[in-house]
Amino acid sequence: MENLKTILSKAVVDIFKQKFDTEIAAENLTFSDTSKNFEGDITLVVFPLLRYSKLKPEATGETIGNELVQLDIVESFNVVKGFLNLIISDTYWSTYFKGIFANDDFGKGVQKEKKVLIEYSSPNTNKPLHLGHVRNNVLGSAVAGILKAAGYQVHTCNLVNDRGIHICKSMLAWEKAGAKDTPDNTGLKGDKLVGSYYVEFEKSLQAQAQPLMEKVLAKDFSDINKDEKQKIQDAVSRYYDADESKKADLKDAVKTLIRNATPIMHEAREMLQKWETGDREVLALWNKMNGWVYDGFDVTYKALGVSFDKTYYESNTYLLGKNIVEEGLTKGILFKKEDGSVWIDLTDEGLDQKLLLRADGTSVYMTQDLGTADLRYQDFKMDQSVYVVGNEQEYHFQVLKLILKKLGRTYADGIYHFSYGMVDLPSGKMKSREGTVVDADDLIDEMIATAKKNTIELGKMDEFTSEEAGNLYRIIGLGALKFYLLRVDPVKRILFNPQESIDLQGYTGPFVQYSYARIQSIMRRFYKDYQELQVQNLQDLKPIEKELIIKMSQYPDTVEFAASELNPAKLVDYIYELAKLYNKFYSELSIFNDGDDNTHKRCTLSLMTGRILKSGFNIVGMDVPDRM
RNA sequence: GGCCUCAUAGUUCAAUGGAUAGAACGAAAGUUUCCUAAACUUUAAAUGCAGGUUCGAUUCCUGCUGGGGCUACCA
Numbered sequence: 003m004e005n006l007k008t009i010l011s012k013a014v015v016d017i018f019k020q021k022f023d024t025e026i027a028a029e030n031l032t033f034s035d036t037s038k039n040f041e042g043d044i045t046l047v048v049f050p051l052l053r054y055s056k057l058k059p060e061a062t063g064e065t066i067g068n069e070l071v072q073l074d075i076v077e078s079f080n081v082v083k084g085f086l087n088l089i090i091s092d093t094y095w096s097t098y099f100k101g102i103f104a105n106d107d108f109g110k111g112v113q114k115e116k117k118v119l120i121e122y123s124s125p126n127t128n129k130p131l132h133l134g135h136v137r138n139n140v141l142g143s144a145v146a147g148i149l150k151a152a153g154y155q156v157h158t159c160n161l162v163n164d165r166g167i168h169i170c171k172s173m174l175a176w177e178k179a180g181a182k183d184t185p186d187n188t189g190l191k192g193d194k195l196v197g198s199y200y201v202e203f204e205k206s207l208q209a210q211a212q213p214l215m216e217k218v219l220a221k222d223f224s225d226i227n228k229d230e231k232q233k234i235q236d237a238v239s240r241y242y243d244a245d246e247s248k249k250a251d252l253k254d255a256v257k258t259l260i261r262n263a264t265p266i267m268h269e270a271r272e273m274l275q276k277w278e279t280g281d282r283e284v285l286a287l288w289n290k291m292n293g294w295v296y297d298g299f300d301v302t303y304k305a306l307g308v309s310f311d312k313t314y315y316e317s318n319t320y321l322l323g324k325n326i327v328e329e330g331l332t333k334g335i336l337f338k339k340e341d342g343s344v345w346i347d348l349t350d351e352g353l354d355q356k357l358l359l360r361a362d363g364t365s366v367y368m369t370q371d372l373g374t375a376d377l378r379y380q381d382f383k384m385d386q387s388v389y390v391v392g393n394e395q396e397y398h399f400q401v402l403k404l405i406l407k408k409l410g411r412t413y414a415d416g417i418y419h420f421s422y423g424m425v426d427l428p429s430g431k432m433k434s435r436e437g438t439v440v441d442a443d444d445l446i447d448e449m450i451a452t453a454k455k456n457t458i459e460l461g462k463m464d465e466f467t468s469e470e471a472g473n474l475y476r477i478i479g480l481g482a483l484k485f486y487l488l489r490v491d492p493v494k495r496i497l498f499n500p501q502e503s504i505d506l507q508g509y510t511g512p513f514v515q516y517s518y519a520r521i522q523s524i525m526r527r528f529y530k531d532y533q534e535l536q537v538q539n540l541q542d543l544k545p546i547e548k549e550l551i552i553k554m555s556q557y558p559d560t561v562e563f564a565a566s567e568l569n570p571a572k573l574v575d576y577i578y579e580l581a582k583l584y585n586k587f588y589s590e591l592s593i594f595n596d597g598d599d600n601t602h603k604r605c606t607l608s609l610m611t612g613r614i615l616k617s618g619f620n621i622v623g624m625d626v627p628d629r630m
């Protein structure tokens with residue numbers, strides 16, 4: 003069906019042709035919602051048209067308004083300064099509403115050719131998922147859902163960082179602790195077990211690094227092996243020579259070198275090299291421990307309700323990356339330093355030199371990302387590739403895109419880093435060393451437990467079986483959590499206040515869910531009392547009824563907008579507003595005590611509202627309950 | 001130092017360059033013989049600072065102040 007703005011745009015273009023003898027482009031017309039302080043269903047902003055009309059704002063508005071009321075759909079108008087407020091006829095809204103009511107796919111965009119691949123989650127296998135990953139997963143699956151709803155061909159993937167020094171640290175610590183704990187004999191979730199050994203490793207590392215640091219700062223280098231001695235001596239003298247203002251940074255630099263110079267780090271790096279050369283024992287251990295981690299991740303993903311069309315593993319792609327590095331060397335895009343390390347010089351692009359292969363031949367993050375990029379393109383041939391990764395990696399993706407471009411990869415242009423802000427706690431940043439990281443599983447459990455507690459307190463569980471109840475708590479708890487994370491513009495940091503996040507009132511997921519459940523309750527009663535819903539002409543629309551229809555009419559545009567902006571918050575906010583408006587409608591008007599016509603009309607409106615609330619929530623990965 | 005990013009009621013968030021800047025929480029007051037009060041109604045309360053572009057700036061540009069990030073042979 004033709005959209006209101008389209009109809010009005012055409013009419014206004016005609017008016018300008020006839021009245022002012024000028025051609026204006028329909029795209030230049032700005033229609034906006036009418037401000038609450040004025041009467042109208044939709045507003046045309048006439049300021050931009052003054053140069054065509056050559057009249058004052060009021061006169062221009064009057065002229066356009068006088069012509070528009072000739073249309074059946076425009077009932078009346080008023081002009082305030084440069085704003086032409088139009089009142090649209092009930093007949094139009096009635097016809098329009100019947101159209102969208104009959105459309106099962108209302109809100110969904112037309113199918114598009116464009117193919118998009120969305121990568122999100124991307125965990126490391128050395129520790130469990132935390133709140134930061136939760137934001138990533140929730141955003142990633144929401145963006146995928148929105149693009150799908152907007153009509154794009156969407157695929158999702160996960161890139162698991164399953165190899166590298168971090169997992170070797172856990173492996174080493176596990177071996178040193180006797181190599182006997184398993185998820186089975188400890189009862190721990192696999193990722194938790196492996197993560198605990200990562201923590202163990204860090205403790206041992208700390209224990210070795212601290213005395214070494216003290217010695218070195220006292221200029222005693224006897225415990226440093228000769229390969230590292232020179233660098234460390236240099237760093238220490240830079241530290242002592244520096245001004246006060248720079249001392250902290252330079253001390254950190256020394257610390258980093260010291261950490262790398264500890265015996266336990268040497269062991270970890272040896273293990274990594276063994277891994278890269280295919281040492282069977284190391285590989286077996288690696289497989290075993292990663293397997294535990296995947297079992298653990300599966301539980302978390304399932305609890306979060308996210309999934310992927312394809313999972314990539316760095317262990318399968320880093321070699322491809324090494325080949326690409328070779329290719330780059332051959333093409334003269336990359337260069338080798340004396341120590342054998344490979345770099346790209348991006349100083350011409352305003353960036354720095356970037357390492358692609360270590361001196362010992364092992365690969366870094368960038369190396370495997372190059373390989374993965376090629377592989378993904380072979381698999382999906384996508385037009386656009388969205389990486390949902392935190393904003394601390396903006397530089398990385400800038401470099402990745404540049405390198406791929408220099409290598410002549412045509413798909414490089416389609417690479418888009420969906421960069422989102424970090425999650426902070428009221429106490430500040432999450433820091434694993436300080437134990438302030440919010441664990442994903444714990445968080446989910448806590449949300450569900452709070453949902454349970456509140457629901458029981460409200461005494462609403464009489465009609466539920468225990469299975470239904472458990473399901474309800476899960477829907478509410480996750481709805482609260484996801485809504486809390488999605489309602490904020492992705493580019494912004496989120497302040498995660500545990501207290502607030504589990505609020506179930508106000509601007510929250512449960513508010514929307516409650517509105518939906520209310521509607522279902524209405525509809526249950528309706529079908530009990532009446533045979534079937536008669537979708538008649540909607541007559542005598544009350545202001546709130548019309549407002550509700552207008553709000554519903556904006557759903558498809560909102561989905562489209564959220565897709566073009568890649569911003570789930572736009573859709574989430576709209577759904578909340580619709581629910582809020584519905585609650586107002588619900589309290590202002592009686593559905594069952596105002597005559598049969600009104601009952602049918604208001605149930606039709608209720609049913610449609612419910613469909614949109616559900617559809618919108620589902621798109622971004624949330625669920626709604628039939629009763630709560 | 002360089003690059004990127006953010007700054008709006010007491011707090012957490014909104015506002016395709018458009019009207020008198022919206023919500024929620026918190027604060028104050030009210031609504032339940034009637035469809036689910038996890039709701040609704042009312043009150044008080046905000047654009048960091050200084051310029052510029054524009055008919056019009058919270059939005060775009062410049063500078064400043066403040067927070068965060070990046071600038072690793074970590075990922």
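Using the numbering used here, the first residue of the first sequence is number 3, and each one after it goes up by one.
Where is the CB? At the ideal position from N, CA and C, for every residue including glycine.
- If you draw a straight line from the Cα of V82 to the Cα of K56, it is about 18 Å long.
- A contact is defined here as three or more CB-CB pairs under 8 Å, and the stretch 406-413 meets this definition with respect to the stretch 364-381.
- Contact between L133 and M432 holds, with the beta-carbon distance rounding to 7 Å and staying under 8 Å.
- In summary, Q515 is buried, with 16 or more beta-carbon neighbours lying within 10 Å of its beta-carbon over all protein chains present.
- Relative to P265, the option among P59, S206, A250 and S239 whose CA is nearest is S206.
- In the DSSP annotation of this structure, the continuous segment of the beta strand (DSSP E) that includes E121 starts and ends at K117 to E121.
- Counting other Cβ atoms within 10 Å of its Cβ, P50 stays below 16 and is therefore classed as exposed.
- By the criterion of a C-beta distance shorter than 6 Å, A211 is surrounded in its chain by I260, R261 and T264, once the five residues flanking it on both sides are discounted.
- For E469, the enclosing alpha helix (DSSP H) begins and ends at S468 to L488.
- By the neighbour-count definition (other C-beta atoms within 10 Å, threshold 16), Q370 is a buried residue.
- Taking the C-beta atoms as reference points, A152 is found no nearer than 7 Å to E469.
- For L70, the three-state secondary structure derived from DSSP is helix.
- In the assembly as shown, V112 is an exposed residue. Its beta-carbon has fewer than 16 other beta-carbons within 10 Å.
- Per DSSP, reduced to three states, the secondary structure at I593 is coil, with no helix or strand assignment.
- The DSSP-derived three-state label of F513 is helix.
- Looking at the backbone, the Cα of L474 and that of I504 are separated by about 15 Å.
- Residue burial is scored here from C-beta neighbours: I614 has at least 16 other C-beta atoms within 10 angstroms and is therefore classed as buried.
- Under the rule that a run must span 3 or more residues, the beta strand (DSSP E) segments found entirely inside the stretch 310-382 read 312-315, 336-338, 344-347 and 355-359.
- By the beta-carbon neighbour count (other beta carbons within 10 angstroms, threshold 16), A220 is exposed.
- Per the coordinates, the alpha-carbon of N139 lies some 7 Å from the alpha-carbon of V308.
- Following the DSSP letters along the chain, one finds I44 inside the beta strand (DSSP E) bounded by residues I44 to V47.
- Assigned with DSSP and collapsed to three states, S78 falls in strand.
- For M173, same chain residues with a beta-carbon under 7 Å away, outside a window of 5 residues either side, are M273, L287, W288 and M291 in chain order.
- In chain order, G192 place their CB closer than 6 Å to the CB of D297, counting only its own chain and leaving out the 5 sequence neighbours on each side.
- With fewer than three CB-CB distances shorter than 8 Å, the stretch 331-346 does not count as touching the stretch 385-396.
- Excluding residues up to 5 positions away in sequence, M449, I450 and A453 lie with their Cβ nearer than 6 Å to the Cβ of G479 in the same chain.
- Taking 7 Å as the cut-off, the Cβ atoms of M424 and R489 do not count as close.
- Sixteen is the threshold: since fewer than 16 other Cβ atoms of the shown chains lie within 10 Å of the Cβ of L460, the residue is exposed.
- Y584 is the residue among E567, Y584, S566 and P570 whose C-alpha sits nearest the C-alpha of I551.
- Distance from the CA atom of L497 to the CA atom of S224, rounded to whole angstroms, is 47 Å.
- Assignment of beta-bridge partners to C159 by DSSP yields E121 and K312.
- Residues of the same chain with a CB within less than 7 Å of the CB of Y241, apart from the 5 flanking positions on each side, are K249, L252, K253 and V256 in chain order.
- Beta bridge pairing from DSSP links T32 with V47.
- Note on geometry: alpha-carbon atoms of Y314 and V574 lie some 30 Å from one another.
- A check of alpha carbon separations from L331 across L359, L86, N105 and T349 identifies L359 as the nearest.
- Taking all protein chains in view, the Cβ of S429 is surrounded by fewer than 16 other Cβ atoms within 10 Å, so the residue is classified as exposed.
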